[in-house]
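Just remember that the numbering used here sits 400 ahead of the position in the sequence shown, which is counted from 1.
Have a look at the structure below, then the notes.
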Amino acid sequence: MSAALTQGLERVPAQVGYLVISDGAVLASSGELQNDEASAGLLWGLVAAAAGLRLQRGLDPPFKRLSVVFGDHSLLVTVSGQKLFVVKRQNHVQEPITV
401 MSAALTQGLE RVPAQVGYLV ISDGAVLASS GELQNDEASA GLLWGLVAAA AGLRLQRGLD
461 PPFKRLSVVF GDHSLLVTVS GQKLFVVKRQ NHVQEPITV
């Protein structure tokens, strides 16, 4: 079951870890996010809060993807059914070019 949940997550460029979350619990994890229950709970709450910011009426969730960008990495969250797929990815910081 775990292989089906994580299919494709390892192929995300520059990824350093991932989580698959359902109801705030970790279903699968790897890398820097291995067994990170604390982050799973926080991200589940963040998505729930963002879903409460509905600008339009309807049954569909107001978004499918959410990015949390830090200086050197980003957390990319995809909502699918009752699961969150989270990938931690290194940001490519480019130095300014001096001419």
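In this text, a Cβ means the ideal position worked out from N, Cα and C, and glycines have one as well.
In the structure shown, Thr498 adopts coil according to DSSP, grouped into three states.
Looking at Ser429, Glu437 and Lys488, the one whose alpha-carbon comes closest to that of Asp472 is Lys488. Going by C-alpha positions, Leu476 is about 28 Å away from Ile497.
For Ala438, the enclosing alpha helix (DSSP H) has its first and last residue at Glu437 to Ala451.
Among the bridge pairs identified by DSSP, Thr478 is matched with Arg465 and Phe485.
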